[in-house]
Every structure is written in structure tokens, then in C-alpha cells.
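Each number in the working numbering comes from the position in the sequence shown (counting from 1) with 15 added on.
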Amino acid sequence: MSTTKAADRAARAATRHAGAKVQLVFAGAFAALLALGLPFAAKAQQPIVIKFSHVTTPDTPKGKGAEKFKELAEKYTGGKVKVEVYPNSQLYKDKEEIEALQLAAVQMLAPSTAKFAPLGAKEFEALDLPFLFANDDEYTRISKGPVGQWLFQKLVPKGITGLAFWDNGFHMVSANRPLIAPADFQGLKFRISGSKIADQYFRLMGGLPQILAFSEVYQALQTGVVDGCENTPSNYLTQKFYEVQKHVSAANHAHLQYAVIVNTKFWTGLPADIRGQLDQAMNEATDYTNSIARKENEDAMAAIEGSGKTTIQVLTEPQRQAWKTKMMPAYDWAKGRVGKEVLDLLSKAMDTKTN
Ligand code: LMR
Numbered sequence: 016m017s018t019t020k021a022a023d024r025a026a027r028a029a030t031r032h033a034g035a036k037v038q039l040v041f042a043g044a045f046a047a048l049l050a051l052g053l054p055f056a057a058k059a060q061q062p063i064v065i066k067f068s069h070v071t072t073p074d075t076p077k078g079k080g081a082e083k084f085k086e087l088a089e090k091y092t093g094g095k096v097k098v099e100v101y102p103n104s105q106l107y108k109d110k111e112e113i114e115a116l117q118l119a120a121v122q123m124l125a126p127s128t129a130k131f132a133p134l135g136a137k138e139f140e141a142l143d144l145p146f147l148f149a150n151d152d153e154y155t156r157i158s159k160g161p162v163g164q165w166l167f168q169k170l171v172p173k174g175i176t177g178l179a180f181w182d183n184g185f186h187m188v189s190a191n192r193p194l195i196a197p198a199d200f201q202g203l204k205f206r207i208s209g210s211k212i213a214d215q216y217f218r219l220m221g222g223l224p225q226i227l228a229f230s231e232v233y234q235a236l237q238t239g240v241v242d243g244c245e246n247t248p249s250n251y252l253t254q255k256f257y258e259v260q261k262h263v264s265a266a267n268h269a270h271l272q273y274a275v276i277v278n279t280k281f282w283t284g285l286p287a288d289i290r291g292q293l294d295q296a297m298n299e300a301t302d303y304t305n306s307i308a309r310k311e312n313e314d315a316m317a318a319i320e321g322s323g324k325t326t327i328q329v330l331t332e333p334q335r336q337a338w339k340t341k342m343m344p345a346y347d348w349a350k351g352r353v354g355k356e357v358l359d360l361l362s363k364a365m366d367t368k369t370n
């Protein structure tokens, strides 16, 4: 009997011990879950944040495009992605935003292609060649074709992914004296945004180009740091450049376009389904932006004229031709800057239009 009792006690003790062990293991597993699993679960409910920084105001083609992307991205991902748009150089100026993207302090930008040299991709400046595109449709066709794809390949080794090209129409050029003949440019200091091609065509016209950040242009014009600048009507209006420039000339001498870019590590790290939804949002936001650019610029031009603060001179065809003749050597010069390959691709793409 006593042997049986002892055996019972031993069996109960063994069961208790086993139970305690199970409890211990369970508690251990729970602690591990707390340490690892639960924070992951909580994290999974947090939206992925895309900080989209840019330098224009919200009421420009780019500003509206960024807002459209935000709306569609949040809708298509069912709120799993939150897009925070920071317009008007609020977070970073031109050069700083490129650095911020490389450091992943922001995830998305849409700089003008004139500003890609600091990224080590000066080939993008080919799109700044004077009198390159006949109209916005031609720009859209070229940027969506092999030239656009080739340019995006140049970003791959830089850890940057190109998602889309956006339109902002044609530059006008301004000063406090009328700019009609090339000789009118002589000796004037012009602000340019970064492209060496623009530097070149202003020099060919006799001007003295100087790079300044977009957010500094109004003050530079106002205080006479520079005498003039070039930009699109929507930028003249929303940055109020027209208030400090008496004469604006419209000759469609160069085009302003953006490339929407993301940090590759961030982009490829996204779940594939989310990336697909964001691609769809970007495609639709691109079509939207490109569809409003022309009208936005026409409206801006009318508003600037309506202000009575400046005169807009639309150049006649012979006047345009005189600018064109003067600026054409920029094409030859460009070979040493952007390389022959992109120039050949561009001329091939232009030709196919007429085939
Ligand atoms: C400029 O600096 O003039 C433009 O690139 C600004 C912009 O983004 O439209």
C-alpha cells in the first residue's frame, strides 16, 4: 500500500512537474511572442508612409498630380499606404530633396529632368534641348517610349527607380526689358534650374545663366541678383514671378518635364501586391497630370495677362526662327555633355513619328 501511495505521489509530482514545464514553455513562448510577434502584428496595421516632396505649389500640374497619386494610392491599397505630400520646397529645396531621396528621408520626388546631374544622370538633360518637342503630345509620346525607358535605366545603378514622366509644358522667358530678338538677351543674368543645356542656350543668346534653387527665384528677381528667368506659365503664376518681371516672351523654346522617382530599396521592399496597386495609381496620376498640363498653363497665362503687371509677347514665327538659329549649336555641344547615344535615340524616336 505504502509502495502504491509513494508511487501515486511520485506520479502526481511528475504530472505537476510536467504541467509546470508546459506552463513554463507556454509562458516562454508567450514572452517571445510579446517580444517579437505582437509588435509585428501591431506594426502590420500601421500604414506604409510615402513622403512625396516637391518644390511647386499644390495648384500646379505637378502639385495636382501628386495629390491625385495620393488619392489613388490610398484608395487602391485600401489605406495600407499613406502618402504625405510636402509641396513648395516645404521640406527640401532642389538639391537637398535629391539627397533626401538617396538617404531615404523621403520616398518619392518629381524633380524636373534639368536637375538630374547631381544624381549622376546628366543624360536626362537631353530633354532640355531647345526647340526639341513640337508640342506636349510629342513630349508625352517620346517620354513614354524607348527614350524614357533608356533614361530610367541610367538611374538603376544609383539606387533610384524611375516610375513616370510628367508634363509641365513649355518655358517662357522674362526680364525687365522686352526679349524679342536674340540681341535683347545680351549681358542679362538669367536664373536657370540646373541643366547645362539651358546654360548653353542662354550663353548662345548672349545671356549669363546662373543656377539658383526654385524657392529662391522670386527674391533673386526682386533684388536684382538675376535679371531674368525661364519657366512655365503655371510656375510664373504660382510663384508670382510675373510681379517682378515686366516682360515675358513665349517662344516655346524649351520644355519643362518631370521624372517621378523613388528610392529603389524602399520600392522593391514593398509587398508585390501593394507595389502593383501603387503602379496603377501612378499610371493614372500620370495620365491625369499630362492631360491637365496644357490647360493649366493656358489658364495661368490668361491670369498673368489679366494681372496687368507684365506683358506677355507671343513671338511670331520669324522671331522664333531667329532664336532657334542662335540656339541650334547647343545640339552639337550636347554630344559632349549627354553623350551621342541618347541623342541618337531621340532623333530616331522623333523620326518614327513621320514614318
Ligand atoms: C524650376 O526649378 O524652375 C522647376 O524645376 C520647378 C518645378 O519643379 O517646376
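The C-beta atom is built at its ideal place from N, Cα and C for all residues, glycine as well.
Here Phe84 is not near Ala287, since their CB atoms are 7 Å or more apart.
Asn183: member of the beta strand (DSSP E) spanning Ile175 to Phe185, first to last residue. With contact defined as three or more Cβ pairs closer than 8 Å, the stretch 185-198 and the stretch 62-80 are not in contact. Cα atoms of Val329 and Leu227: separation of roughly 26 Å, rounded to the nearest angstrom. Distance from the Cα of Lys108 is smallest, within the candidate group Lys95, Lys97 and Ala125, for Ala125. Judged by their CB atoms, Val162 and Ala345 are not nearer to each other than the 7 Å cut-off. In summary, Gly284 is exposed, with fewer than 16 beta-carbon neighbours lying within 10 Å of its beta-carbon over all protein chains present. Around the C-beta of Thr325, 16 or more other C-beta atoms lie within 10 Å, and the residue is accordingly described as buried.
Rounded to whole angstroms, Ile276 and Asp294 show a C-alpha spacing of 12 Å.
For Gly243, the enclosing beta strand (DSSP E) stretches over residues Gly243 to Asn246. Counting of Cβ neighbours within 10 angstroms places Gly94 among the exposed residues, the total staying below 16. DSSP lists Lys204 as the beta-bridge partner residues of Leu223. Between the alpha carbons of Gly243 and Leu236 lies a distance of about 7 Å.
The three-state secondary structure of Ala315, taken from DSSP, is helix.
Put simply, the backbone Cα of Pro145 is about 50 Å away from that of Gln60.
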